[in-house]
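Trainee: Once you've had a glance at the structure underneath, I'll fire off some questions.
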Amino acid sequence: MSSSEAAAGDVGGESPKKHSKQSKGKETRITKDSALVEDRLTLLEDILSNVGERYTEMADTFNSFNDDVRRGKARRDHLSCGHPRGERRGPRGGGPSSGDRCSPGEFEDVMPQELPKRLPPRREVDHAIELEPEAKPPAKAPYRMAPPELEELQRQLKDLLDAGFIKPSKAPYGAPVLFQRKSDGSLRLCIDYRALNKVTVKNKYPIPLVADLFDQLGGAKFFTKLDLRSGYYQVRIAEGDEEKTACVTRYGAYEFLVMPFGLTNAPATFCTLMNKLFHPYLDRFVVVYLDDIVVYSNTLEEHVEHLRTIFQVLRENQLFVKREKCSFAKEEVHFLGHWIGRGQLHMDQQKVRAICEWEAPSTVSELRSFLGLVNYYRRFIAGYSARAAPLTDLLKKTQSWDWTPRCAEAFEDLKRAVTEDPVLRLPDCSRPFESTVKIKIPVRYSFRITQCRKLTLRIPERHCIGQ
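Next comes the structure, spelled out in C-alpha cells:
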C-alpha cells in the first residue's frame, strides 16, 4: 500500500495496518509512523490549499457582483434625482461629466408636493371658448349630492379659491358639478358642460394616435414617464372667456380662471400646448399624450441628458410634475394601458382581469362597455372583427336584443383571447422595413368591418380596403 493510501485509510479510521499487533522492531515502527503522519499532513495541506483557493475565487466573484450592483444602483439613484449633491464629480475632479446625474435640488422646483397657490402664466396657448353665432348662454340647476360628496365639494372649492383658480361668478352661464373617481380612489371635480359644449365651435386639432406613439418607443432601452400634476389646472382660460366656465353648486356659482375638466376642446388645447413646447424633441426622444410624457433613450448617459432637456422645458414654462406618479430610467414603462419594454408590447393585466371577470351583458349599454374595453386590445387578437361579429351585430339600431348561444360563445371566446397573454413585437422605426409573406413574431393584428356590398370583392381588393 502506498503512503497516500495509508494516509487516506488512517484518516477514515479503517486501515488494518495501523492497529496491527505484529511484533516489529521499535525503530521500524517509529519510522513508519513518522512517514504516515507526514503523508497525512501533506494531504491535509493540499485539501486546505484547494479550499482556500476556491474560497478566494468565490469571494472575488461575490465582491465583484456586489460592486456591479452598487454601481448600477448608484446610476439609477442619480437618474431619480436621489444622489447626494456633494458626490457629483466630473472625470477630472471638477465640473460635471457626460455621465453626471441629477442632484436633489436641480429640478426639485419642477416636482412640488402641490401646485403653487397662484395662477399659471399666460402662454402662447390658452383655452379659448368660441360659441356658435346667436347661441344662448346655457344654464342648469345644480345636481343633488350625497353628504360625503358635499363634504368633498366644500373642501375642493376652498382649495380652488385659495389657489386663485376660481372666483365667485354672476355670469348668466351655469353648469352643474359632479365627481369622477380616479384610479387611486380619490374624487376628481368635473363640470357637466354638455349644454355649453353643444354650442361651442369644435377644435379639430388631432389627438395623437396611440399606435404611432407605441411604434416610436420600439427601439428604446430606457424609459422615464412623467405625469403633470393636475395638468388642466396649469392652463389658463383665455381672457374674456372665464364667465363661460361658470358652474353652479349648493354653495354658490363660480367661474374658472384655469381650464376645468369637461370642456369639449380641452384635450385639443392641451395637445396643442404640449406639442408646441416639445416640438423640437418629439419623435426624437420624447412622446406626449395629454399630460403623460415619456422620455426614451438607448443608453443611460443619453437618458440623463434627455431628461435634463425635458425638465428644463418644464421649468421655463412653469409646468409641474407629480413626482409620486413618475417612474425614472426603467427598462419597462406603463403607458396608456400597456406595458412597453425590450421591444415588446404587453397588455395591462389589471384590465385583462376586468375583462375576464365581466359577466354576460343583458343590455346594449353593457355590451357596448364590454366591447369598448376589449376593442382597446384588438391589436393583440387575431381575427378580432370576425370573432366579435355576433356581438357587434347586436349594436345595430335595426337589430333587436337577442342573446343567442352564438353570442355567448363569441363573448367567452374574446375573454379567452386576452387571457392567452399575447406579446407583440414593436417595430424599430429607425431601421428600414422589408415586406415578407412569412410571419414570425406579430407586430399587430389589423381589422376593419366592411359593408355587406364590399364582401363580394376579391380577396386582394378587400385587403387593400382593410389598410
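Taking UniProt numbering, the leading residue of the sequence shown gets 1, the next gets one more, and so forth.
Every residue, glycine too, gets a C-beta built ideally from N, C-alpha and C.
Is DSSP giving R406 helix, strand or coil here?
Mentor: Correct three-state label for R406: helix.
Trainee: Measure from the alpha carbon of E324 to the alpha carbon of each residue in L228, K221, V295, R122, then state which is nearest.
Mentor: L228
Trainee: When we look at the beta-carbon of G93 and count the other beta-carbons within 10 Å, is it buried (16 or more) or exposed?
Mentor: Unreliable placement is indicated for G93, whose pLDDT of 34 sits below 50; the coordinate value is still reported in the next sentence. Label assigned to G93: exposed.
Trainee: Can you tell me whether P260 is buried or exposed, with buried defined as 16 or more other CB within 10 angstroms of its CB?
Mentor: buried
Trainee: When you compare the stretch 194-204 with the stretch 215-229, are there three or more beta-carbon pairs, one atom per stretch, that lie closer than 8 Å?
Mentor: no
Trainee: Quick check on the DSSP output: what are the complete beta strand (DSSP E) runs of length 3 or more inside the stretch 123-182, in order along the chain?
Mentor: 166-168, 175-181
Trainee: Since I340 and L424 are thought to touch, with beta carbons under 8 Å apart, how far apart are those beta carbons, to the nearest angstrom?
Mentor: Their Cβ separation, rounded to whole angstroms, is 10 Å, which puts I340 and L424 out of contact at 8 Å.
Trainee: Going by beta carbon distance, what residues of the same chain come within less than 6 Å of A135, once the five residues before and after it are set aside?
Mentor: V199
Trainee: Which of the three DSSP states is assigned to R236 in this structure?
Mentor: Strand.
Trainee: Identify the continuous alpha helix (DSSP H) that holds I355 and give its terminal residues.
Mentor: 349-356
Trainee: Are G372 and K351 closer than 9 Å when you measure CB to CB?
Mentor: no
Trainee: Tell me the rounded alpha-carbon separation between R181 and S430.
Mentor: 40 Å
Trainee: Determine, using beta-carbon pairs with one atom in the stretch 156-166 and one in the stretch 243-259, whether at least three such pairs fall under 8 Å.
Mentor: Contact annotation: the stretch 156-166 touches the stretch 243-259, with at least three C-beta pairs closer than 8 Å.
Trainee: Can you tell me where the alpha helix (DSSP H) with A329 in it begins and where it stops?
Mentor: Counting along the chain, A329 falls outside any alpha helix (DSSP H), though it belongs to the beta strand (DSSP E) covering 327-330.
Trainee: Can you name the residues that DSSP bridges to C247?
Mentor: A175, Y254
Trainee: Contact check, V321 vs S327 under 8 Å by CB: the rounded distance?
Mentor: The Cβ separation is near 12 Å, so there is no contact.
Trainee: Just tell me which of H127, K158, E108 has its CA closest to the CA of K117.
Mentor: K158
Trainee: Who pairs with Y296 in a beta bridge, going by DSSP?
Mentor: F223
Trainee: Measure from the alpha carbon of E239 to the alpha carbon of each residue in L394, H127, M111, then state which is nearest.
Mentor: H127
Trainee: Just reading off the alpha helix (DSSP H) that G372 is part of, what are its end residues?
Mentor: 364-375
Trainee: Pull up the distance between the alpha-carbon of F65 and that of N317, whole angstroms please.
Mentor: A caution first: F65 carries a pLDDT of 48, below 50, which makes its placement in the model too unreliable to give a value.
Trainee: Return the bridge partner residues of H346 from the DSSP annotation.
Mentor: Paired residue(s): W339.
Trainee: Mapping DSSP to helix, strand and coil, what is L282?
Mentor: Note: L282 maps to strand in three-state DSSP.
Trainee: Just to confirm, are L273 and V235 a CB contact at a threshold of 9 Å?
Mentor: yes
Trainee: Identify which residue in Y296, V125, G343, D393 has its Cα closest to the Cα of A266.
Mentor: V125
Trainee: Considering only their Cβ atoms, is the gap separating N203 from A268 smaller than 9 Å?
Mentor: Taking 9 Å as the Cβ cut-off, A268 and N203 qualify as a contacting pair.
Trainee: With respect to the alpha helix (DSSP H) encompassing R387, which residues constitute its N-terminal and C-terminal limits?
Mentor: Looking at the DSSP string, the run of the alpha helix (DSSP H) that includes R387 is 384-392.
Trainee: Using the beta-carbon count (16 or more within 10 Å), is K244 buried or exposed?
Mentor: Buried is the label assigned to K244, since at least 16 other Cβ atoms lie within 10 Å of its Cβ.
Trainee: Ignore the nearest five residues each way along the sequence and tell me which others in L115's own chain have a CB closer than 8 Å to its CB.
Mentor: A163, R229, S230, Y233, Q234, F320
Trainee: Looking at C-alpha atoms only, which residue of L160, S297, F107, K396 is the closest neighbour of K221?
Mentor: In terms of Cα proximity to K221, the closest of L160, S297, F107, K396 is S297.
Trainee: With DSSP as the reference, label R229 as helix, strand or coil.
Mentor: coil
Trainee: For E389, is the classification buried or exposed, using 16 other Cβ atoms within 10 angstroms of its Cβ as the cut-off for buried?
Mentor: This sequence places Ala at residue 389; Glu is not what is there. Result: exposed.
Trainee: Could you check where the alpha helix (DSSP H) with R194 kicks off and where it finishes?
Mentor: 194-198
Trainee: Within this structure, are the beta carbons of Y251 and L131 separated by less than 9 Å?
Mentor: no
Trainee: If you follow the alpha helix (DSSP H) that L213 is part of, which residue opens it and which one closes it?
Mentor: 210-216
Trainee: What is the rounded straight-line gap between the Cα of R353 and the Cα of E366?
Mentor: 17 Å
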